[in-house]
Amino acid sequence: DTAVSQTPKYLVTQMGNDKSIKCEQNLGHDTMYWYKQDSKKFLKIMFSYNNKELIINETVPNRFSPKSPDKAHLNLHINSLELGDSAVYFCASSQDPPSVRPWETQYFGPGTRLLVL
Amino acid sequence: RKEVEQDPGPFNVPEGATVAFNCTYSNSASQSFFWYRQDCRKEPKLLMSVYSSGNEDGRFTAQLNRASQYISLLIRDSKLSDSATYLCVVNMGNTGGFKTIFGAGTRLFVKA
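Protein sequences appear in the order of chains A and B.
Position 39 (the first sequence) corresponds to 218 in this note's numbering; numbering is contiguous.
Position 84 (the second sequence) corresponds to 772 in this note's numbering; numbering is contiguous.
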């Protein structure tokens, strides 16, 4: 069974479009994250949710809007896609956030490769 | 200065070699430290946590030096399957909250 799953795996779209990426975890975790890994392989946190509440919101354009309908799901909607949004987006989860349990392991999904043309 | 810095490599070593990676972090209030491994076109996975006393897991040894804000990973008897990117990861708090910072990774190629 896949612990953290993301759909779609690949996403190719035109500039200006709106797209969504979905993430689901079946680990029973309370905390979920979105990370962006750019072409230089830097993995940077974008958002973190704990029990459906936003706890980390990094300096991300407001074209990016996360939504957590329940603890097992954290979706990412991106409006007006730009060339610079091309990257791999990873969803992750942990039982608790680092502020509560600093030694928690984060479990990552397989990533969504977004290419904006 | 980057919050977490690593030598990007690549490190090219023969099978059986011992190789060491280093990582420095900027925030002295950092709470916890890890090494994650990322294979090409795959997601990162936890390799090991790094404790103040140092810890070992088979061929892998991790060390933490809080005074120097420095973390290391030693791999002994390298295998072909060790070829991957090794990510230094630090949980640190700041005015914006507590967050996980990844280094850019060190690439390792183990050749036969």
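C-beta: ideal position from N, C-alpha, C; glycine also.
Just so we're clear, the structure is a prediction, and the values are computed from it rather than from any experiment.
Asked	Found
Per-residue contacts from GLN757 (chain B) into chain A (C-beta, under 8 Å)	The premise fails here: GLN757 (chain B) is roughly 16 Å from chain A at the closest Cβ pair, so nothing lies under 8 Å.
Residues bridged to PRO702 (chain B) (per DSSP)	B:LYS799
Cβ of LEU752 (chain B) within 8 Å of any chain A Cβ	no
Any 3 or more C-beta pairs closer than 8 Å across the stretch 689-696 of chain B and the stretch 789-796 of chain B	yes
Three-state secondary structure assigned by DSSP to SER769 (chain B)	helix
Alpha-carbon to alpha-carbon, PHE287 (chain A) and GLN726 (chain B)	11 Å
Chain-order list of residues whose beta-carbon lies under 7 Å from that of ASP209 (chain A) (same chain, five-residue window excluded)	ASN229, ASN230, LYS250, GLN274, ASP275
Min CB distance SER278 (chain A) to chain B below 8 Å	yes
Beta-carbon spacing of LEU775 (chain B), LEU253 (chain A) below 8 Å	no
Whole-angstrom distance between CYS270 (chain A) and GLU261 (chain A), CA atom to CA atom	20 Å
Whole-angstrom distance between ASN236 (chain A) and SER242 (chain A), CA atom to CA atom	The residue asked about is misnamed: residue 242 (chain A) is Arg in this sequence, not Ser. Taking the straight line joining both Cα atoms gives about 13 Å.
Opposing strand residues paired with GLY742 (chain B) [DSSP bridges]	Partner(s): none; GLY742 (chain B) has no beta bridge.
Selection from A:GLU203, A:LEU293, A:LYS201, A:VAL239 that minimises the alpha carbon distance to PHE226 (chain A)	A:VAL239
Rounded C-alpha distance that separates SER265 (chain A) from ARG292 (chain A)	8 Å
Beta carbon proximity, GLN285 (chain A) to chain B, threshold 8 Å	yes
Short Cβ contact (8 Å threshold) for VAL738 (chain B) with ASP770 (chain B)	no
Helix, strand or coil at ASP275 (chain A) according to DSSP, with G and I counted as helix	coil
Nearest candidate by alpha-carbon position, reference ARG747 (chain B), set B:VAL778, B:ARG795, B:GLY697, B:ALA705	B:ALA705
Per DSSP, the bridge partner or partners of ARG725 (chain B)	B:LYS733, B:TYR774
Nearest to VAL267 (chain A) (by Cα), restricted to the options A:VAL183, A:THR284, A:TRP213	A:TRP213
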